[in-house]
Structure formats: C-alpha cells, structure tokens
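A.B. asks: So the protein lines, in turn, are chains A and B. Going by the numbering used here, the first residue of the first sequence is number 133, and it counts up by one from there. Going by the numbering used here, the first residue of the second sequence is number 133, and it counts up by one from there. Built from N, CA and C at the ideal position, the CB exists for glycine as well. Computed from a prediction, not measured in an experiment: that's the story for all the values here.
There are 2 protein chains.
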Amino acid sequence: MDTYKTIVTKRDSRSFTEQAIPEETVRRIVQAGRMAGSSKNVQPCRFVIIQDPEQKAAIAKCGDFAAWIPTAPLIVAVALTDVGTRGEFDAGRAAQNMMIAAWSEDLGSCPISMHHVECARDTLGLPEAWRVCIVVAFGYKSKPQQSIPQAARLPWDEYVRRDRW
Amino acid sequence: MDTYKTIVTKRDSRSFTEQAIPEETVRRIVQAGRMAGSSKNVQPCRFVIIQDPEQKAAIAKCGDFAAWIPTAPLIVAVALTDVGTRGEFDAGRAAQNMMIAAWSEDLGSCPISMHHVECARDTLGLPEAWRVCIVVAFGYKSKPQQSIPQAARLPWDEYVRRDRW
Chain A
133 MDTYKTIVTK
143 RDSRSFTEQA
153 IPEETVRRIV
163 QAGRMAGSSK
173 NVQPCRFVII
183 QDPEQKAAIA
193 KCGDFAAWIP
203 TAPLIVAVAL
213 TDVGTRGEFD
223 AGRAAQNMMI
233 AAWSEDLGSC
243 PISMHHVECA
253 RDTLGLPEAW
263 RVCIVVAFGY
273 KSKPQQSIPQ
283 AARLPWDEYV
293 RRDRW
Chain B
133 MDTYKTIVTK
143 RDSRSFTEQA
153 IPEETVRRIV
163 QAGRMAGSSK
173 NVQPCRFVII
183 QDPEQKAAIA
193 KCGDFAAWIP
203 TAPLIVAVAL
213 TDVGTRGEFD
223 AGRAAQNMMI
233 AAWSEDLGSC
243 PISMHHVECA
253 RDTLGLPEAW
263 RVCIVVAFGY
273 KSKPQQSIPQ
283 AARLPWDEYV
293 RRDRW
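Next up, the structure:
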C-alpha cells in the first residue's frame, strides 16, 4: 500500500483473526521498530516478541485493560531504559513504525499500557534498569479495509495552527 | 514508495535543500500526524506549523542544539498537554507518522528538543496547560536516496528477544 494511505487509514484495533503471522512478517514488523530513529541514536528500546501462550497469559495480567491480549497472535513488548532524555517519545516512534509496517500488510494493532510495572518486568525477566514502556498486540484485521471508517479526530482548525497558537 | 521500504530507509537528517514545500504536501504531513492514534483517543497533541522566518528564528533559540533549524523550509512544533497517561509516547507516534509521510515524498526530517520550556511556550503563545514536546524540522533531502546508508543499529540479537529477555 502507498505509504501516506497506510498512515492515514491506520486504526488502533483489538479484533483480530486467528490466522498465524508468518515469521518473515514478524521480523519485518520488528525490524521497522528497530530502524526508528532515537535522540542521539542512543537506542533506548529493546523488543520482546511474545508468542508463547503462557507468556501471553502472564503479561496480560500486568495491565488493567490487557485481559484480551492473548487473543493476538503476536505481542511485542517495548522495553525502555533511561539512557536518553526522550525515552517515551522514542518508544512511540518505534511502536508507530511497527504498527504502520503491520498495517501495510493487513495487520491491525493496538498499544496497551502495563500499569503494574514490576509484574511486567518480572514476567519478561528484564534487567533492573529496564521497564516495559508499552506492549503492542498484532493480528490480521477481522474486518476488510473498506469497512473501516476514518478515525474520529478533532477538527483540523483545532488541531493545527500557523506560526503561533 | 512502498511502506515498509519507506520506514526502514528513513534516516533522521538535518541537511535540506532550499526548495519550498508545496502547501498540499505540508497538509499531508500534518494530516499524517493528526491521524496517529492516542491512548483512549484523548488526542493530547496539537501542531503548530512554523514557516514565518521570524518565528523560525525565535523557536531556534529555545533548544540547545536548534540553531540550525531556520534552514528548514518547514518546522512543525508538537504541543502536548497532560490529559492522558501516555503523552510523550503518543507524541512520538504522531511525529513518526509525519516523518514517515514526509520521507515517502522525498523529504528528510529531524526531531529537536526544546530544552527551554518557557521560551518555547512563550514563542508559540501556548496556553498554560500546554508545552512544546518536540519540534520537527522538514526539508527536501540534499542527498539522493541511493547514497544514504542504512542507519547504524545494535545487532538484531541484542535488540530483539523471544518471550523473555
């Protein structure tokens, strides 16, 4: 799909088919995240690909709204360490790269917060200086692209200003 | 350009030609940012398109490494308010959407921190609850795509784990 169209049609979604994701697609998604830029190229993120059913069930318990995520055929946890000054921002860049790459191959996705920080760190066995910034669930879209309406956004003139607020 | 190729070839760059950016391209870039998802769709970001030379010069003084940014034909400031719990992460998603959309049209970009928070807020006239999370400079690439090497990243096995760290 054309890049611009991919970007502007992307919806965060939690409803996936059970279709398995080929390994080469998983690797493209993660590679898209790995190639995201970061402040001074400090690369503050690491990715944990979660496909083991027990690990999916365990990580699902670490977020207040994450009970559904084991239905996703692929979960990627974004681990973050505070080596830079823009960690969360850079994690957002990496996660968006993964979600856009996935959408271009007909996979939906949704980021999920891990409210219970120690739970997530312990489940994934992260070193002390690392935490789970976000978890992203991926799966093939359960609805055809044509049936997905544009996302609701505030009006352009409220969203966008010229030269000053 | 194909979406995946656009994403993985994108480099953060600060060297642009002086070529003006058509208004419809500016609008596509900003629209890409506007369509980025956010936690619970709280839409914590707003965008200020900066093209006025005086405003460019003024905002350049608000970051420790921003003196060069008036050379960019387009600057977009991402304003953020703390209505959600994932503001910086969501700002990263929006900024990455803009940068990927731009790259697909042959424009490079680079995010720049605004270290002097009050300077940036005053320059753009933001309301009290808002701050400039990041500024992104855009311009047509000064080098042909083929001459741009892949970005340096840590090895795959250091970046990516399976099921646990």
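At 3 residues or longer, and completely inside the region 201-239 of chain B: list those beta strand (DSSP E) runs for me, N to C.
C.D. replies: Listed in chain order, they are 206-213.
A.B. asks: Here's a check: name, in chain order, each residue in its chain whose Cβ is nearer than 8 Å to the Cβ of I244/B, leaving out the five neighbours to either side.
C.D. replies: For I244/B, where only same-chain residues beyond five positions count, the Cβ hits under 8 Å are G195, F197, A198, I201, I266, V267, V268 and A269.
A.B. asks: With a cut-off of 8 Å on the beta carbons, I'd call I280/B and L206/B a contact; round off their distance for me.
C.D. replies: Not confirmed; about 20 Å, so no contact.
A.B. asks: Does any residue of chain A have a CB that is nearer than 8 Å to the CB of R225/B?
C.D. replies: Yes, R225/B lies at the interface with chain A (some Cβ there is under 8 Å from its Cβ).
A.B. asks: Going along chain B, which residues have a C-beta under 8 Å from C265/A?
C.D. replies: Per Cβ cutoff of 8 Å: F221.
A.B. asks: From D254/B, G216/B and Y272/B, pick the residue whose C-alpha is nearest to that of S236/B; which is it?
C.D. replies: Ranking D254/B, G216/B and Y272/B by Cα distance to S236/B puts Y272/B first.
A.B. asks: Of the choices C251/A, R296/A and L256/A, whose alpha-carbon is the least far from that of K193/A?
C.D. replies: The shortest C-alpha separation from K193/A is found at C251/A.
A.B. asks: Along the beta strand (DSSP E) that carries C251/B, what are the first and last residues, could you check?
C.D. replies: Run containing C251/B: none in the beta strand (DSSP E); it sits in the alpha helix (DSSP H), V249 to L256.
A.B. asks: Name the two residues that bound the continuous alpha helix (DSSP H) containing R166/B.
C.D. replies: Residues E155 to R166.
A.B. asks: Kindly say whether M167/A, judged by its beta-carbon, lies nearer than 8 Å to any beta-carbon of chain B.
C.D. replies: With 8 Å as the cut-off, M167/A counts as an interface residue toward chain B.
A.B. asks: Using 8 Å as the limit for Cβ to Cβ distance, is K160/B near chain A?
C.D. replies: Note that residue 160/B is Arg in the sequence shown here, rather than Lys. So, interface residue.
A.B. asks: Three Cβ pairs or more, each shorter than 8 Å: is that satisfied between the region 207-216 of chain A and the region 180-188 of chain B?
C.D. replies: Contact between the region 207-216 of chain A and the region 180-188 of chain B is absent, because fewer than three Cβ pairs lie under 8 Å.
A.B. asks: Just tell me which of D134/B, W262/B and S147/B has its CA closest to the CA of L239/B.
C.D. replies: Closest by alpha carbon: S147/B.
A.B. asks: Quick check: is the beta carbon of R146/B nearer than 8 Å to any beta carbon in chain E?
C.D. replies: Absent from the structure is chain E; the protein chains it does hold are A and B.
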